[in-house]
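Worksheet: one structure, shown below.
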Amino acid sequence: MEKLSHIFIGEKEVFLQTYNRLPLEISHGKGVHLFSKDGQRYLDFFSGLGVNVLGYGNEKLIRAIEDQSNKFIHLSNYYITNSQAELARRLIKYSGLSKVFFTNSGTEAVEASIKLIRKIFGPDKKIISFSNSFHGRTYGSLSLTWNEKYKKNFAPLLSNIIFSEFNDVNTIEKIADENTAAVFIEFIQGEGGINVASEKFVEKINSLRKKLGFVLVADEIQSGIGRTGKPFAFNRYKIIPDLLLVAKAIGGGLPLGALITSDKYSNVFQPGDHGSTFGGNPVACSAGLVVLDEVFENGLMDNALNLGEYFKSELTSLQSICPDKIIDVRGSGFMLGVKISDSCKSLVTAFQENKILVNCTNQNVLRILPPLIANKENIDFFLKVFKEVLTIHPL
Ligand SMILES: Cc1ncc(COP(=O)(O)O)c(C=O)c1O
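Quick note, the sequence shown lines up with residues 39 to 433 if you use my numbering.
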């Protein structure tokens, strides 16, 4: 492992200690690779927490950021800008929904949706979220997040949030009633361990929505924008959400998120109901236009679909070779999870020693989120290292 440089020695002196940093100082990135200061090259199969779908150093992206920066970097939402309007149009086109509110992050998109729901239903109706869900760290989104570890020191959170078991048709049927304002779902849960919603479960939610009239919110902050091989993970089912939340990939690495509403909910917010100084920043939106072009028009979503299938089937073959170490392989496209029989922390370190960056979530799920530009050679390298690491590595 690389010798720690001075930036790590000073880390504790200047930062609130909220993050466990990797002991790696990055000098730059190119394509699917990150380069450390001491000249090592790492295959990045985590892509900045699922953000860097175009990898590093994409020239179109850099040019778009430069061009917009030369005109103006920020104006505020007193103005409408070309890149903002065009990005909104494109998001509407790809999602099939109706109107957009831009935020700077995923959690802000969640907050915006909670406010919209509150405005319709008031504070007393309940909002349903699911076991293993993750929706963010601010108060509203934290209230919808399942893991107690994130919440335990921060009560009181929002009231009337009920957690139902993910993929359990009977429980949601019992919990959802005419007193339900909304259901929040990640069709593929990210942080919670790459758990894929079953078709039966989604059908049940859809039929309950038709009967009870609650708002269905799809949190696609991690799974959206082509990552699963479809525009959004909801496109894998026969369902259209009422509200759609995106962030991460959409800004090409700049802070950007969005709440996208169906026609029915597009007039709930009125001037003054919600706002943001930076939300929809013109530079971030210009970057977003390049991301949408590359993902939807220039083949990256199809790449994730096709190579994701190959990747998953090879991981499943690996499972059959090491069934005592790999318990499950799941996910779609370039959003894959490998459940390991023990904590996957040491596995992540072993990958890093072999020059691959990958993440461990929910203790024992290896979360694989390659940039959407990753090719077969990159995947084969990952598989080769995984095989080696599994055979020599005591779990
Ligand atoms: C599904 C989901 N929702 C919400 C969030 C919060 O997004 P952000 O970190 O941009 O606030 C995340 C972040 O990981 C996420 O994966």
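Beta carbons are placed, not taken as given, at the ideal position from N, Cα and C, and that holds for glycine.
Identify, in the order they occur along the chain, each residue of the same chain with its Cβ nearer than 6 Å to the Cβ of residue i, setting aside the five sequence neighbours on each side.
i	result
L428	C360, K363
F174	Sequence check: residue 174 is Gly here, not Phe. Here the set comprises G144, T145, V148.
R274	K268
T119	P320
I111	V321
R128	L330
C382	C398, N402, L404
According to DSSP, is residue i helix, strand or coil?
i	result
S65	strand
C323	helix
V328	helix
Y57	coil
G289	helix
M39	Note on M39: pLDDT 49, under 50, position unreliable in the model; no value is reported.
A256	strand
V240	helix
F424	helix
Under a Cβ-count criterion, where at least 16 other Cβ atoms within 10 Å of its own Cβ denotes burial, should residue i be classed as buried or exposed?
i	result
I210	buried
D280	buried
E51	exposed
D257	buried
D162	exposed
R247	buried
I72	Here residue 72 is Leu; the residue named in the question, Ile, does not match the sequence. The residue in question, L72, is buried, as its Cβ has 16 or more Cβ neighbours within 10 Å.
Q106	buried
F420	buried
E104	exposed
P449	With the chain represented from 39 up to 433, any question about residue 449 goes unanswered, as that position is not in the structure.
Leaving out five residues before and five after residue i in sequence, what residues of the same chain have Cβ atoms less than 8 Å from its Cβ?
i	result
S314	N115, F140, T141, N142, E146
L195	Y177, L180, S181, K189
V386	V396, N397, C398, L404
Excluding the five sequence neighbours on either side, which residues of its own chain have a C-beta within less than 7 Å of the C-beta of residue i, listed in chain order?
i	result
I152	G178
V328	K98, L99, A102, G290
Inter-stretch contact (C-beta, 8 Å, three-pair minimum) for the stretch 158-176 and the stretch 206-225: yes
Validate contact between the stretch 259-266 and the stretch 85-101 using beta carbons, cut 8 Å, 3 pairs: yes
Three-pair Cβ contact test at 8 Å for the stretch 321-341 versus the stretch 119-128: yes
Given 8 Å, three or more beta-carbon pairs between the stretch 282-298 and the stretch 191-202: no
Cβ contact check for the stretch 365-376 and the stretch 128-138: 3 or more pairs under 8 Å: no
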